[in-house]
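Asks: Here you go, one structure.
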Amino acid sequence: MAQSKRLSFMDFSAIISSFAVVTLHSAAGNFSFTNPSPSATLTIIIQIIFSFGVPMFFMQSGANVLNYRERYSTTTFFKKRLTKVVIPFLCWSVIAYVFLVLKTPTINWSIIDFLYRLVTDTILGPYWFFYNIIAFYLCVPFLSVLLNHLKHTQILYLLALSTAVNAVYLPFMRAINSPTLDYVNLFPAIGNYLEYFLIGWYIVHVGVSAKWKKRIYILSILSLVYELTATIISTYHYGYIVKPYYDISNLPAVIIMAALFLLLKENNNNFSKYELRLKFFSGLTFGIYLIHPYVIALLDKLLKVNSATIHILIFPILVYVISGLVVFLLHKIPYIKHVLP
41 MAQSKRLSFM
51 DFSAIISSFA
61 VVTLHSAAGN
71 FSFTNPSPSA
81 TLTIIIQIIF
91 SFGVPMFFMQ
101 SGANVLNYRE
111 RYSTTTFFKK
121 RLTKVVIPFL
131 CWSVIAYVFL
141 VLKTPTINWS
151 IIDFLYRLVT
161 DTILGPYWFF
171 YNIIAFYLCV
181 PFLSVLLNHL
191 KHTQILYLLA
201 LSTAVNAVYL
211 PFMRAINSPT
221 LDYVNLFPAI
231 GNYLEYFLIG
241 WYIVHVGVSA
251 KWKKRIYILS
261 ILSLVYELTA
271 TIISTYHYGY
281 IVKPYYDISN
291 LPAVIIMAAL
301 FLLLKENNNN
311 FSKYELRLKF
321 FSGLTFGIYL
331 IHPYVIALLD
341 KLLKVNSATI
351 HILIFPILVY
361 VISGLVVFLL
371 HKIPYIKHVL
381 P
């Protein structure tokens, strides 16, 4: 069941997922959504199309670490996660807190205030998914044992159950403004995104039959049409972007993300031709996740872009390229990889 050779599609997915995240955070504009306009509609479409960034990252993580026992011990696993994810996250959270204090003089800065903002995720918005990924890592030793001992049908049941709870039940209860049961909110230990980690692992290490591939692709196309149509219509009706229709925790998004990851995996041989280049660029992506909010803030201040077209189409590319170059140059500095892997 394990894959022995390097999967180049994983490197490619790391690259495009980091670009998608940067695009979502930088391709924003101050548009009126009361009346339809090309720029406003393009903004909505980009928000939907590029929403795959974080789910793709979750699926990569599931595929990469849920079989860690085949490579090293649990102690080694936690050491690797601590040095590659937790320590960089904490270091850059400190940096973000310093910027927040400098920008907001009314904040009574202190270690207590920093710790409070850290545990409540109120330091830097784009870092929200680190909390999910760290929680996932804490559960990996248990989940890896579970997956090693369950039959494929039982694994599918676990996947279906997590999807039903996280992508159907919880969104429905939020939509009708109804309180959810506490124990359901906590199930199954990682929050609303367990299905993405499991889907990534399942697609890479188990595989999907030809019959189900076709079904998933068809459902994903229908789901994307639904997301685009419902979001555009409701946005112009209410005057603001209505996110629930394309929220990554909802079932249509889960289907689309699974189809995209599956499609990339099916084309792994094509990506293998560029293995070395993809490996190099994918090595920059985690650093890009960490520093791109600062690059966005700096460029916004320096360039003061007023053109909606430039801000939507050009600005994300500029932010991504500069972020990548900064990470590449910082990697040349000794020991910097401890805080910018």
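For the sequence shown, the working numbering gives the first residue as 41, with consecutive numbering after it. We put the CB at the ideal spot given by N, CA and C, even for glycine.
#1: Quick one: grab the DSSP three-state call for H351.
#2: Assuming F237 and S322 make a contact with CB atoms under 8 Å, what is their CB distance in whole Å?
#3: At the level of alpha carbons, what is the spacing between V141 and Y375?
#4: Out of I243, L190 and E110, point me to the one whose CA is closest to L49's CA.
#5: By how many angstroms is the C-alpha of V134 removed from the C-alpha of F154?
#6: In terms of alpha-carbon separation, which member of K341, V185 and H332 lies closest to V359?
#7: Going by DSSP, what residue range makes up the alpha helix (DSSP H) through P128?
#8: Spatial neighbours of W241 within its chain, please: CB distance less than 6 Å, with the 5 preceding and 5 following residues excluded, ordered by chain position.
#9: Kindly list the residues whose CB is nearer than 7 Å to the CB of F227, restricted to its own chain and excluding five residues on each side of it in sequence; keep chain order.
#10: Return the CA-CA distance between I328 and V367, expressed in angstroms with no decimal places.
#11: Take V132 and list the residues in its own chain whose beta-carbon comes closer than 6 Å to its own, dropping the five residues that flank it on each side.
#12: Below 8 Å on the Cβ atoms is my contact criterion, and I expect L264 with I296 to pass it. Report the Cβ-Cβ distance as a whole number of Å.
#13: Between the Cα of T83 and the Cα atoms of V282, L122, L316 and L300, which residue gives the shortest distance?
#14: Pop quiz: I163 and Y137 are said to be a contact at Cβ under 8 Å. What is the actual Cβ separation, rounded to whole angstroms?
#15: Measuring CB to CB, does Y285 end up less than 8 Å from A270?
#16: Give the range of the alpha helix (DSSP H) segment to which F90 is assigned.
#17: Using DSSP with H/G/I as helix, E/B as strand and the rest coil, what is A67?
#18: F97 and S150 look like a contact to me (Cβ under 8 Å); what is the Cβ gap, rounded to whole Å?
#19: What number of angstroms, rounded off, separates the C-alpha of S249 from the C-alpha of L338?
#20: From which residue to which residue does the alpha helix (DSSP H) around W168 run?
#21: Give the DSSP-derived three-state secondary structure of P228 in the structure shown.
#22: Pop quiz: Y233 and S289 are said to be a contact at Cβ under 8 Å. What is the actual Cβ separation, rounded to whole angstroms?
Replies: This is what the structure gives:
#1: One-based indexing of the sequence shown puts residue 351 at position 311. The answer is helix: DSSP assigns H351 an H, G or I state.
#2: Numbered from its first residue, the sequence shown carries residue 237 at position 197. Numbered from its first residue, the sequence shown carries residue 322 at position 282. Actually they are not in contact, since the Cβ atoms of F237 and S322 sit about 19 Å apart, beyond 8 Å.
#3: As a position in the sequence shown, residue 141 is number 101, starting the count at 1. As a position in the sequence shown, residue 375 is number 335, starting the count at 1. When rounded, the distance between both Cα atoms is 27 Å.
#4: Looking up residue 49 in the sequence shown gives position 9. Looking at the sequence provided, one finds Phe at residue 49 rather than Leu. When only C-alpha atoms are compared, the closest one is I243.
#5: What you label residue 154 is simply residue 114 of the sequence shown in a count that begins at 1. What you label residue 134 is simply residue 94 of the sequence shown in a count that begins at 1. Distance between the alpha carbons of F154 and V134 is about 8 Å.
#6: Here residue 359 refers to the residue found at position 319 of the sequence shown. Looking at the Cα atoms, H332 is the closest of the given residues.
#7: Start at 1 with the first residue of the sequence shown, and residue 128 comes out as number 88. It spans I127 to K143 - the alpha helix (DSSP H) in which P128 sits, taken as one unbroken run.
#8: Stepping through the sequence shown from its first residue, residue 241 is reached at position 201. For W241, where only same-chain residues beyond five positions count, the Cβ hits under 6 Å are G102, A103 and L106.
#9: Taking the sequence shown and counting its residues from 1, one reaches residue 227 at position 187. Here F227 scores only 46 on pLDDT, less than 50, and its place in the model is too uncertain to base an answer on.
#10: On the sequence shown, position 288 is the one that residue 328 refers to. On the sequence shown, position 327 is the one that residue 367 refers to. Each residue's Cα considered, the two are about 7 Å apart.
#11: Start at 1 with the first residue of the sequence shown, and residue 132 comes out as number 92. Looking at the sequence itself, residue 132 is Trp, so the reference to Val does not match. Here the set comprises L330.
#12: In the sequence shown, residue 264 corresponds to position 224, counting from 1. In the sequence shown, residue 296 corresponds to position 256, counting from 1. 6 Å between Cβ atoms; contact.
#13: On the sequence shown, position 43 is the one that residue 83 refers to. Out of V282, L122, L316 and L300, V282 has the C-alpha closest to the C-alpha of T83.
#14: Mapped onto the sequence shown, residue 163 falls at position 123. Mapped onto the sequence shown, residue 137 falls at position 97. Between Y137 and I163 the Cβ distance is about 5 Å, and since that is below 8 Å, they are a contact.
#15: Here the question's residue 285 lines up with position 245 in the sequence shown. Here the question's residue 270 lines up with position 230 in the sequence shown. Yes; because the gap between Cβ atoms is below 8 Å, this pair is in contact.
#16: Within the sequence shown, the letter at position 50 stands for residue 90. No alpha helix (DSSP H) contains F90, which DSSP labels as neither H nor E.
#17: Reading the sequence shown from its first residue, position 27 is the one you call residue 67. It is coil, neither helix nor strand.
#18: Your numbering for residue 97 matches position 57 in the sequence shown. Your numbering for residue 150 matches position 110 in the sequence shown. With a Cβ gap of about 32 Å, F97 and S150 do not count as contacting.
#19: Translated into positions along the sequence shown, residue 249 becomes position 209. Translated into positions along the sequence shown, residue 338 becomes position 298. Answer to the nearest angstrom: the Cα atoms are 48 Å apart.
#20: As a position in the sequence shown, residue 168 is number 128, starting the count at 1. Note, W168: alpha helix (DSSP H), W168 to H189.
#21: Within the sequence shown, residue 228 is the residue found at index 188, counting from 1. Low confidence applies here, because P228 scores a pLDDT of 46, under 50, leaving its location unreliable; read the following figure in that light. Three-state result, P228: coil.
#22: For the purposes of this step, residue 233 is taken as the residue at position 193 of the sequence shown. For the purposes of this step, residue 289 is taken as the residue at position 249 of the sequence shown. Correct: roughly 7 Å between the Cβ atoms.
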